[in-house]
Amino acid sequence: MAKLLYSVTMSLDGFIAGLGGDMSWLTEHIAPNPVVKDVVSKIGALLVGSRTFGGDDPHRGTAKEGKAFGGGWDGPQFVLTHHPPARPVPGVTFVGDLGSAIEAAKTAAGERYVNVMGASVARQCLAAGELDELLVIIAPVLLGDGVRLLDWPGGTNVKLERVGLTSAELATNLWMRVVK
87 MAKLLYSVTM SLDGFIAGLG GDMSWLTEHI APNPVVKDVV SKIGALLVGS RTFGGDDPHR
147 GTAKEGKAFG GGWDGPQFVL THHPPARPVP GVTFVGDLGS AIEAAKTAAG ERYVNVMGAS
207 VARQCLAAGE LDELLVIIAP VLLGDGVRLL DWPGGTNVKL ERVGLTSAEL ATNLWMRVVK
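All letters in the sequence shown, in the order written, are residues 87 to 266 by our numbering.
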């Protein structure tokens, strides 16, 4: 069965998006990264939060805008939302509850990864005991404010085990497994 992977690029000070979900900061930090290329080839489905789905795009204004991983991946997407759009979006299924979204995404992914996109969905998956791994690509930048990698009011203590630590041209890749 598929594993849930939260892969995300983060500033050194712990932010995955700037204020208001701004992703423009990421544009200058996108560079060839063998770890990302490899993981993208192993993704079978996406589980996306509604804010991420409707949010800012680091590829805005280019031919890559609106495409998962800038067009590097294509496949089924499951968006967790209570407010689906009036018109269908090709390749996208809108799901109203986390359990159904995870089940549908895992089924679609088969033996491949379900890549989780969005801090809120990742936190919900952690809380439900469903998140298996995290790949955090650390960009050499300090944002100072924005959307945190993990924002858990009241705190938590999620145990992680390091799977890998590698360097790329403009980033450091930290791969962790959630200890269950």
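Beta carbons are placed, not taken as given, at the ideal position from N, Cα and C, and that holds for glycine. In this text, all values refer to a predicted model and were calculated from it rather than measured experimentally.
With distances taken between CA atoms, residue 116 lies nearest to 158 out of 99, 140, 158 and 262.
Here residue 173 is exposed: its Cβ has fewer than 16 other Cβ atoms, across all protein chains shown, within 10 Å. Under DSSP, the beta-bridge partners assigned to residue 129 are 199. Looking at the DSSP output, residue 258 shares a beta bridge with 224 and 253. Ranking 244, 241, 230 and 247 by CA distance to the CA of residue 108 puts 230 first.
Residues 130, 131 and 162 of the same chain have their beta carbon placed closer than 7 angstroms to that of residue 194, with the five preceding and five following residues left out of the count. Burial of residue 95 is indicated by the presence of at least 16 other C-beta atoms within 10 angstroms of its C-beta. Residue 262 and residue 168 have their alpha carbons spaced roughly 30 angstroms apart.
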